[in-house]
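For the sequence shown, full-length UniProt numbering gives the first residue as 1, with consecutive numbering after it. Each residue gets a CB set at the ideal place from its N, CA and C atoms; glycine is no exception. Below: the structure, in structure tokens.
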Amino acid sequence: MLDRTRTSTGRKATLYRMVMPSHTCPYGLKAKDLLRRSGYAVDDRHLKSRAQTDAFKAEHEVETTPQVFIDGARIGGYDDLRRFLGKPVADPKATSYRPVVVLFALTALTAMAASFASSGSPFTLRAAEWFIAFSMVALAMQKLQNVETFSTMFLNYDLLAKRWVPYGYIYPYAEGLAGILMAAGALTWLSVPIALFIGTIGAVSVFKAVYIDRRELKCACVGGSSNVPLGFVSLTENLMMVAMAVWMAAGALGFIGGHAM
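So this is what it looks like as structure tokens:
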């Protein structure tokens with residue numbers, strides 16, 4: 001028997017969704033919330049077992065749940081409901097800069113927070129240095145979530161990785177190590193060569209793939225599962241590493257005043 005929970009007043013919609021002891025369909029919860037926020041009273045019908053779910057699918061000739069009905073007409077699943085209500089539906093294959101924009105925004109704010117905590121001002125030279133170092137660590141962390149998928153995507157455009165495959169596995173560890181050392185201002189003799197090496201090769205590789213060969217590829221900068229297009233963002237990542245390496249080297253050698261980490 002189906003469980004039913006009704007809300008009051010307004011337009012009515014019937015929602016069939018899986019609610020089992022070991023699994024509650026997340027899209028069913030999203031559909032219920034969207035219907036209520038859109039002014040619908042929801043007749044929430046729970047499919048409490050796999051057998052009940054399969055019987056429902058066979059009866060209505062559908063392959064998935066949840067399923068939404070409005071005024072007796074089947075609307076469909078969660079994405080179909082969003083379309084019916086005039087809401088945007090995300091395309092899982094569409095490219096987007098959102099992941100890297102969010103990452104850079106958070107590392108910038110974190111660097112400013114650290115600067116404020118240490119010197120009383122978020123707008124310092126140290127904050128700019130920390131921003132690059134923190135970004136390197138965060139980008140490395142994204143890549144290290146799945147080194148295998150990262151290295152596979154990386155092989156599409158990195159010149160050194162194409163010649164020596166293990167470099168694709170080493171790269172995120174090297175980037176993370178350089179970022180940590182730069183944030184600490186420690187072992188400059190190690191962090192600078194690493195950042196300069198991987199940053200230079202990366203910048204040349206991206207420039208060749210995008211601006212010379214005119215290839216349309218996905219960027220591995222935030223991991224191998226992202227839909228970030230290869231281009232300006234990845235080039236910026238590598239140029240930041242090069243700039244940071246040059247800046248720290250110049251500071252260590254006394255070519256610039258003040259402090260460089």
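query	result
Counting pairs of beta carbons, one from the region 105–119 and one from the region 74–92, are three or more of them closer than 8 Å?	no
Which one of His60, Met240, Phe154 has the shortest CA to CA distance from Ser226?	Phe154
Can we say the region 180–198 touches the region 213–222, given the rule of at least three CB pairs closer than 8 Å?	no
When the Cα atoms are used, what is the spatial distance from Pro229 to Ala245?	26 Å
Leaving out five residues before and five after Ala111 in sequence, what residues of the same chain have Cβ atoms less than 7 Å from its Cβ?	Ala127, Trp130, Phe131, Phe134
Distance, Cα to Cα, Val89 vs Arg74?	18 Å
In terms of alpha-carbon separation, which member of Ile180, Thr24, Phe123, Arg98 lies closest to Met109?	According to the sequence provided, residue 109 is Leu. The question's Met does not apply to it. Nearest C-alpha to Leu109: Phe123.
Tell me, which residues are paired with Asp33 by DSSP?	Paired residue(s): none; Asp33 is not in a bridge.
What is the DSSP secondary structure of Ala41, counted as helix, strand or coil?	strand
By the 10 Å Cβ neighbour count, where 16 or more other Cβ atoms means buried, how is Asp71 classified, buried or exposed?	exposed
Specify the secondary structure class of Thr14 as computed by DSSP and reduced to three states.	strand
If you follow the alpha helix (DSSP H) that Arg134 is part of, which residue opens it and which one closes it?	The amino acid occupying residue 134 in the given sequence is Phe; Arg does not appear at that position. Residues 125–144.
Tell me whether Leu253 sits in a helix, a strand or coil according to DSSP, three-state version.	coil
Whole-angstrom Cβ separation of Tyr157 and Ala209, contact assumed at under 8 Å?	4 Å
Please go through the same chain and pick out, in chain order, the residues whose beta-carbon is closer than 7 Å to the beta-carbon of Leu181, but skip the five residues on each side of it.	Leu187, Leu190, Ser191
Can you tell which of Val222, Tyr169, Leu160, Pro66 has the C-alpha that lies nearest to the C-alpha of Ser197?	The displayed chain sequence assigns Phe, not Ser, to residue 197. The residue with the shortest Cα to Cα distance from Phe197 is Leu160.
Would you call Ala249 buried or exposed, if buried means 16 or more other Cβ atoms sit within 10 Å of its Cβ?	buried
In chain order, which alpha helix (DSSP H) runs of at least 4 residues are fully inside the region 42–110?	50–60, 78–84
Helix, strand or coil for Val192 per DSSP?	helix
Looking only at C-alpha atoms, which of Val19, Asn146, Lys12 sits nearest to Arg37?	Lys12
Anyone know if the C-beta pair for Leu35 and Leu15 falls short of 8 Å?	yes
DSSP on Val228, reduced to helix/strand/coil?	coil
Name the two residues that bound the continuous alpha helix (DSSP H) containing Val147.	147–154
Mapping the DSSP letters down to three states, classify Val165 as helix, strand or coil.	coil
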